[in-house]
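Enquirer:
Protein chains: 2
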Amino acid sequence: MRHRLSALSVSLLLALGAGAAHADEGMWMPSQLPDIARQLKAAGFKGKPGDLAELARPPMNAVVKVGGASGAFVSKDGLVLTNHHVAFGVVQYNSKPGRDLIKDGYIASDRAGELPANPDYRVLVTTGFDRVTDSILAAARGKQGRAYYDAVDSASKAAVAKCESEPGYRCSIANMYYGTDFYLVRQLELRDVRLVYAPPNDIGNYGGEVDNFVWPRHAGDFTLLRAYVGKDGKPADYSADNVPYVPPAHLQVSTRNVKDGDFAMLAGYPGVTFRHRMASEFANQIQWQLPSRVALYQRMIDVVEAGGSKDEAARVSYASQVRGMKNTLKRAQGELDGLRRSDAAKVRRDDESAMYTWLDKQADAAATRADIDAAQAVIDQGVATRERDQLLGAIQSQTQLLRAAITLQRWAAERPKPDAQRETGYQQRDEVLITGQLKQVQRRYAPAIEKALLTELLTQYQALPVTQRVAEFDAVFGTRPAQLKTRLDALYAGTKLGDEATRLGAMESDSATLAESGDTLLKAAATLLPAIQRLDDESKASAGELLRLRPAYMRALIAFRKSQGRAVYPDANSTLRVSYGRISAMDPRDGVHYLPLTTVQGIVEKHTGEEPFNAPQPLRDAIAKGDFGSTAEPSLGTQTVDLMTNLDTTGGNSGSPVLDAKGDLIALNFDSNWEAVSASWMFDPRYKRAIHVDMRYLRWLLAKVYPAPHLLKEMNLPAE
Amino acid sequence: MRHRLSALSVSLLLALGAGAAHADEGMWMPSQLPDIARQLKAAGFKGKPGDLAELARPPMNAVVKVGGASGAFVSKDGLVLTNHHVAFGVVQYNSKPGRDLIKDGYIASDRAGELPANPDYRVLVTTGFDRVTDSILAAARGKQGRAYYDAVDSASKAAVAKCESEPGYRCSIANMYYGTDFYLVRQLELRDVRLVYAPPNDIGNYGGEVDNFVWPRHAGDFTLLRAYVGKDGKPADYSADNVPYVPPAHLQVSTRNVKDGDFAMLAGYPGVTFRHRMASEFANQIQWQLPSRVALYQRMIDVVEAGGSKDEAARVSYASQVRGMKNTLKRAQGELDGLRRSDAAKVRRDDESAMYTWLDKQADAAATRADIDAAQAVIDQGVATRERDQLLGAIQSQTQLLRAAITLQRWAAERPKPDAQRETGYQQRDEVLITGQLKQVQRRYAPAIEKALLTELLTQYQALPVTQRVAEFDAVFGTRPAQLKTRLDALYAGTKLGDEATRLGAMESDSATLAESGDTLLKAAATLLPAIQRLDDESKASAGELLRLRPAYMRALIAFRKSQGRAVYPDANSTLRVSYGRISAMDPRDGVHYLPLTTVQGIVEKHTGEEPFNAPQPLRDAIAKGDFGSTAEPSLGTQTVDLMTNLDTTGGNSGSPVLDAKGDLIALNFDSNWEAVSASWMFDPRYKRAIHVDMRYLRWLLAKVYPAPHLLKEMNLPAE
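So the sequence lines, in the order shown, correspond to chains Z and D.
Just add 10 to wherever you are in the first sequence, counting from 1, and you've got our numbering.
Just add 10 to wherever you are in the second sequence, counting from 1, and you've got our numbering.
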């Protein structure tokens with residue numbers, strides 16, 4: 011049963027597959043599935059691959075975007091299945107003193123008992139996906155840099171505005187293959203979403219942060235919602251008179267058993283991957299970006315913790331920021347370990363070399379290589395200032411008062427402009443968010459720690475070669491470490507931004523008034539702002555150039571793969587994708603084998619009675635009773651909980667339905683394993699796994715533990 | 011391949027097997043093996059079980075006690091194989107500036123290059139094992155309590171003295187089945203032991219403390235020594251003229267491959283187990299002893315760490331003690347977790363109940379039950395003062411200056427007696443050890459921390475019911491928490507024992523001189539000493555009573571098992587034992603499967619370049635080269651490192667040879683898994699595993715990595 015690869019055969023496999031689509035790699039656009047029909051059938055799919063390409067036909071029209079992640083319709087009356095963590099905000103929104111739905115879970119006993127979600131919660135059904143490359147690029151052709159960027163941006167905004175003129179739809183432009191193709195995505199926007207069934211948090215999030223990214227896993231991470239529409243069948247805001255939305259199709263939860271090796275397929279909205287980045291970008295990520303991020307965050311954590319050890323109040327103020335920094339550090343370390351384990355830099359470099367060797371024999375090689383070389387030059391330009399960009403980024407993102415001062419100056423600079431012309435993030439709709447951030451400063455700030463953090467970051471910045479330095483930053487903070495203490499002491503002694511009323515009041519001031527205030531930090535921010543805007547412009551100009559030039563690289567890659575008989579999926583970009591593979595065990599390290607199915611025995615083993623391993627009494631009683639009915643896995647003689655596949659997923663795939671060969675719903679995706687953190691850059695078949703709730707666990711919970719017989723009936727499932 | 015037990019079938023299995031010998035449980039005396047010949051053959055043993063009973067025949071006469079643990083002869087010229095950690099002192103003894111054998115390892119290129127071990131290092135060959143129950147108990151019969159204890163003690167000492175009158179032998183009395191039977195053990199004592207081959211510590215102890223108790227494991231924990239004797243063939247101290255000892259037999263290292271499920275057998279000197287303790291002792295261990303130990307050590311650690319956080323020098327002084335306390339706490343927690351996981355209290359109670367039900371139908375039930383009840387009463391008496399005994403134990407073991415004061419007073423009290431009549435631990439031969447301890451105090455003591463520790467312990471002591479309190483301790487420390495600070499401050503202000511010269515000088519003083527010194531701590535110790543001696547006497551009286559009474563319980567158990575067709579092995583007591591079972595995978599928890607063989611791939615995966623995962627360059631080069639020759643495991647296509655069996659082992663089994671069905675040496679035992687910490691009380695077949703070096707790893711290291719072709723030849727092994 012075990013598929014063990016020796017070190018040698020893995021090297022061989024990686025060398026052969028070098029960066030290309032492995033048997034189970036791929037986040038395919040549905041429209042691509044007919045192109046890989048043979049592989050799909052060979053993997054075990056029993057349906058017609060052509061059907062999968064049609065967004066208006068089952069099963070694709072049952073897959074939805076929900077709460078920023080994924081989900082699926084599971085009844086003809088608009089019942090939506092997604093993750094507990096995806097619907098957590100809905101559960102929280104409906105909790106209040108005396109009704110703790112997070113702790114207790116919730117079962118609506120009938121339609122009237124279904125609870126409205128927070129008003130901004132959405133279920134989106136993708137109904138259109140049309141290639142609009144020509145119209146998006148029409149005005150951009152012949153332009154370069156920032157002009158190219160702006161032309162694409164304008165054309166995109168115009169296409170979106172036209173599409174959204176029909177009420178009830180949300181539209182967007184999806185950029186495929188890094189500027190090679192553009193698609194207009196049209197989504198029905200369901201605005202009345204209600205909470206139907208949520209397990210207690212101690213089931214939905216069993217294992218919590220401790221088990222996050224961990225296999226074996228034992229969480230029942232699912233929630234049932236229902237989408238409602240107006241009586242006219244059109245999307246509508248919440249109203250008691252609304253009626254359940256009747257989806258064009260829904261998925262049937264499976265009643266069959268599953269086992270290691272079974273075909274599995276997943277549809278959802280993966281967020282972002284970097285699989286088709288250039289070899290030099292892989293090298294930079296592995297050799298510099300991730301190691302330096304680890305080192306930088308470790309130093310910042312050390313600085314804040316050293317400050318906190320002398321000042322309990324400061325320690326509390328920075329607890330959340332330290333948690334965030336530690337999370338960033340952990341993720342970066344995990345990604346780095348994974349990419350090194352997969353030897354990703356070499357694998358990608360060898361693959362790219364092979365592509366160039368092939369390309370150089372083609373007719374249009376010279377023009378293509380010229381564009382690729384130009385793209386490489388833009389990337390190299392970014393590498394030349396990477397140290398500075400990392401440090402200036404941290405100076406703006408990890409400070410509280412300095413960041414507030416810069417935000418206030420930028421707000422004052424953007425506010426006079428017509429709303430549409432303001433920078434993203436400084437439009438009217440952003441005012442509430444900015445105000446909220448300015449209020450939060452109070453609970454997250456201690457002058458001594460902010461100065462210590464800046465001392466650390468600026469000392470590093472001052473040590474950079476002069477070519478990387480920025481005149482305005484030098485002017486404010488000086489160029490020698492010896493100046494730092496005096497400058498920082500003066501900056502923080504002469505500011506009143508530590509006072510909440512002062513900060514919020516400044517939101518109403520124009521640039522001139524801010525200048526007159528004499529506040530030292532606001533004055534410094536006024537000096538820094540032109541530099542920040544200039545760097546921002548430069549960054550958009552580079553983005554425009556890459557948008558123009560990368561397609562040459564992508565077209566070469568696609569043609570090269572085609573010559574090998576293989577298709578190329580675009581990197582993930584939050585659009586609907588399909589991946590296929592199988593229920594799959596894993597050998598995480600020498601001597602250890604992970605089984606692909608977990609059982610309720612693991613819940614009992616992990617139970618400590620304390621968060622995050624506090625299995626509710628009814629669950630423990632039901633496990634002890636052993637009454638598993640039709641939901642038990644016969645080969646194990648017990649109830650399964652979660653299962654693992656080798657499906658290709660990334661952030662955004664939370665809540666993705668997992669289907670079997672016949673298209674029935676066997677599981678619900680909710681996490682990846684720790685070894686797969688690096689999969690955003692490289693899919694390593696040895697380590698890339700996705701973690702799902704086994705639908706038999708959902709069925710058992712609804713049948714025997716927190717019963718909802720009416721919902722089982724609605725989903726056409728047996729009562730026990 | 012996997013043997014997975016559902017929760018239900020495990021309960022059933024434990025209920026059926028209730029505390030009795032499972033198929034693979036048992037640390038058998040060699041003399042018992044003919045009694046279980048049928049089981050041995052059924053398990054796959056291909057030899058004659060009768061041969062295993064003969065200490066003077068192979069393979070038992072090749073098994074030795076070495077450095078306090080186990081080992082085996084592996085050549086006709088006295089080559090001894092044991093663990094690197096068992097021979098670590100020998101490696102350390104031969105290291106000096108410029109010759110770091112710990113780091114670099116050692117290969118003696120010829121006999122002349124073999125390095126003498128520290129003079130107290132011994133290889134012992136068991137040559138006699140005779141039942142002497144009648145003579146040991148002759149004088150004890152009719153006596154009780156302390157008198158019974160002393161009679162057994164005297165008879166044992168006399169038997170040992172007589173046996174040791176033959177030069178070159180060390181003898182001891184082994185107590186089997188808790189006083190039921192006594193055996194005279196006669197061992198040839200080889201005093202000239204030399205270092206022949208040691209791998210670098212980064213191989214022998216790869217994984218260090220991090221991997222301790224961990225599977226999967228990747229250590230090459232072995233060393234080769236050679237035993238020498240005088241030219242007359244008799245044991246002798248080191249001399250350049252000595253010749254290799256020619257053992258009566260030696261084991262042949264196997265050249266066959268091994269796999270999951272293969273028969274395995276192990277012989278060695280397991281230290282101590284408690285498997286046949288009474289149900290009430292299991293309950294006390296699980297319900298009180300281990301939880302209270304965990305709590306007590308956690309509080310002591312907290313006290314010392316709180317003190318250390320304010321005083322860096324104190325923190326350093328107590329680092330070693332804190333490490334020891336944390337180790338005790340971890341072991342206790344591991345044992346507790348394991349016993350709870352196995353539901354050991356219930357399993358043992360049910361088994362004992364079944365035994366009583368059976369016993370009550372037998373002819374001699376009444377007399378047996380009377381003895382068992384009396385033994386139970388002695389145990390209950392111990393339970394009645396367990397809180398006090400734990401606290402007074404910690405007060406004496408975890409303090410430095412107070413302990414020194416008590417030791418000095420006891421030394422002064424014992425020294426005037428004839429040496430043979432002194433208490434164990436206070437005889438002439440103990441003087442060096444005591445002096446060493448008194449010197450060490452200097453580096454391990456801070457007055458504030460010792461007072462804080464005593465405050466914690468005495469506050470708990472003072473809260474005990476008056477029935478548990480001891481007048482002398484009350485007199486010294488007071489009976490109310492309010493008195494503690496004053497008393498302790500006075501005690502530590504008025505002592506000069508913090509001065510090393512004063513402590514060492516006091517070793518020469520008699521009780522009267524110590525009394526005149528006016529030292530407050532010595533005065534306190536003089537008050538406490540009669541209480542300590544009284545409690546010691548009480549403890550020996552209880553031990554005597556249990557020695558007299560427990561055999562009734564053990565005889566009942568043995569007869570009960572016999573009625574079930576099963577034999578009973580005695581609890582481990584550092585005598586030669588044999589266990590048999592098989593190479594065995596393990597399911598440590600839901601969803602995780604441990605393979606029974608690890609490979610060199612795991613060394614590469616774990617390698618960080620820093621201790622304890624700093625695989626030497628030659629090893630990494632050899633792995634990368636992949637030249638494994640005849641030592642590779644064909645089914646894995648690579649080199650194995652360690653392997654796991656379900657053999658029944660405990661501390662003392664380090665270095666035990668693991669034999670296959672034909673008696674060839676396939677592995678060398680060196681550790682257990684963490685889940686098996688509780689096996690000293692209960693063998694749970696789901697979790698009890700033993701961890702060994704695969705002999706093919708040894709062969710590969712000697713053939714290809716740190717070559718020693720002459721040793722391979724001597725062991726009759728292929729050159730590669």
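Glycine is no exception: its CB is placed at the ideal position from the N, C-alpha and C atoms.
#1: At a cut-off of 6 Å, would you count D:Leu605 as near the ligand GTP, judging by its Cβ distance to the nearest heavy atom?
#2: For D:Pro491 versus D:Thr469, is the C-beta spacing smaller than 7 Å?
#3: Measure the C-alpha to C-alpha separation of Z:Pro258 and Z:Leu349 and round it to an integer number of angstroms.
#4: Taking only beta carbons into account, state which residues of the region 603-633 of chain Z come closer than 9 Å to chain D, listed in chain order.
#5: Mapping the DSSP letters down to three states, classify D:Lys75 as helix, strand or coil.
#6: Cβ of Z:Lys714 less than 7 Å from any chain D Cβ?
#7: Could you name the residues of chain D that Z:Arg599 contacts, counting a contact when the two beta carbons are closer than 9 Å?
#8: At which residues does the beta strand (DSSP E) containing D:Met275 begin and terminate?
#9: Would you kindly check if the distance between the Cβ of Z:Ala456 and the Cβ of Z:Ser327 is under 7 Å?
#10: Quick one: residues in its chain with C-beta nearer than 8 Å to the C-beta of D:Ala323, no 5 flanking neighbours on either side, listed in chain order?
#11: Exposed or buried, Z:Glu555, counting other C-beta atoms within 10 Å across all chains shown (16 or more means buried)?
#12: In angstroms, rounded to a whole number, what distance separates the CA positions of D:Ala354 and D:Ser664?
#13: Taking the runs of the beta strand (DSSP E) that are 3 residues or longer, which of them lie wholly in the region 522-607 of chain D?
#14: Do you know how far the Cα of D:Arg285 is from the Cα of D:Thr367?
#15: Output needed for Z:Leu678: all residues of its chain with C-beta closer than 8 Å, excluding positions within five of it in sequence on either side, in chain order.
#16: Could you give the C-beta distance for Z:Lys672 and Z:Lys56, rounded to a whole number, given that I count them as a contact under 8 Å?
#17: Between which two residues does the beta strand (DSSP E) harbouring D:Val476 extend?
#18: Under three-state DSSP, which class holds D:Asn104?
#19: Between D:Glu724 and D:Leu261, which are expected to be in contact by the criterion C-beta below 8 Å, what is the C-beta distance as a whole number of angstroms?
#20: Looking only at its own chain, which residues have a Cβ that is under 6 Å from the Cβ of D:Ala31, when we skip the five neighbours before and after it?
#21: Spatial neighbours of D:Thr648 within its chain, please: CB distance less than 8 Å, with the 5 preceding and 5 following residues excluded, ordered by chain position.
#22: Rank Z:Asn215, Z:Tyr563, Z:Arg132, Z:Tyr131 by C-alpha distance to the C-alpha of Z:Ala377 and give the top, closest one.
#23: Which residue comes first and which comes last in the beta strand (DSSP E) that contains Z:Asn679?
#24: Z:Thr523 and Z:Thr505 - do their beta-carbons sit closer together than 7 Å?
#25: Contact check, Z:Glu199 vs Z:Arg132 under 8 Å by CB: the rounded distance?
#26: Buried or exposed for Z:Glu124, please, with buried defined as at least 16 other CB atoms from any protein chain shown within 10 angstroms of its CB.
#27: What residue from Z:Ala430, Z:Leu494, Z:Arg425 has the CA that sits closest to Z:Ala516's CA?
#28: Taking the alpha carbon of Z:Gly392 as the reference point, which residue from Z:Ala169, Z:Ala553, Z:Phe98, Z:Ala595 has its own alpha carbon closest?
#29: Is it the case that the Cβ atoms of D:Val100 and D:Leu205 are separated by a distance below 7 Å?
#30: Under the rule that 16 or more other beta-carbon atoms within 10 Å means buried, what is Z:Val486, buried or exposed?
#31: Residues in the same chain with beta-carbon distance under 7 Å from Z:Pro40, minus the five sequence neighbours each way, listed in chain order, please.
#32: Using DSSP with H/G/I as helix, E/B as strand and the rest coil, what is Z:Phe483?
#33: With a threshold of 16 other CB atoms inside 10 Å of the CB of Z:Gln331, please say whether the residue is buried or exposed.
#34: For Z:Asn702, write down the residues that DSSP places opposite it in a beta bridge.
#35: On the three-state DSSP scale, how would you describe Z:Asp191?
#36: From Z:Ser302 to Z:Ala404, what distance separates their C-alpha atoms?
Expert: Working from what's here:
#1: This structure lacks the ligand GTP; in fact it carries no ligand of any kind.
#2: yes
#3: 42 Å
#4: His603, Tyr604, Leu605, Pro606, Leu607, Thr608, Thr609, Val610, Gln611, Gly612, Ile613, Val614, Glu615, Lys616, Ile633
#5: strand
#6: no
#7: Pro226, Gln611, Gly612, Glu615, Lys616
#8: 273-278
#9: yes
#10: Ala456
#11: buried
#12: 26 Å
#13: 587-592, 596-599, 602-604
#14: 20 Å
#15: Leu91, Thr92, Asn93, Asp231, Phe232, Gly665, Ser666, Pro667, Val668, His702, Val703, Met705, Leu708
#16: 5 Å
#17: Counting along the chain, D:Val476 falls outside any beta strand (DSSP E), and DSSP gives it neither H nor E.
#18: coil
#19: With 8 Å as the limit, D:Glu724 and D:Leu261 do not qualify as a contact, their Cβ atoms being about 13 Å apart.
#20: The predicted position of D:Ala31 is uncertain, since its pLDDT is 41 and thus under 50; a value taken from the coordinates is nonetheless stated next. Closer than 6 Å at the Cβ level, and outside the excluded window around D:Ala31, lie Arg576.
#21: Thr609, Val610, Gln611, Gly636, Phe638, Ala642
#22: Z:Tyr563
#23: 675-682
#24: no
#25: 6 Å
#26: buried
#27: Z:Arg425
#28: Z:Ala553
#29: yes
#30: buried
#31: Leu62, Ala63, Leu65, Met70, Leu586, Val588
#32: helix
#33: buried
#34: Note on identity: in this sequence residue 702 of chain Z is His, with Asn being the wrong assignment. Paired residue(s): Z:Leu653, Z:Asn679.
#35: strand
#36: 12 Å
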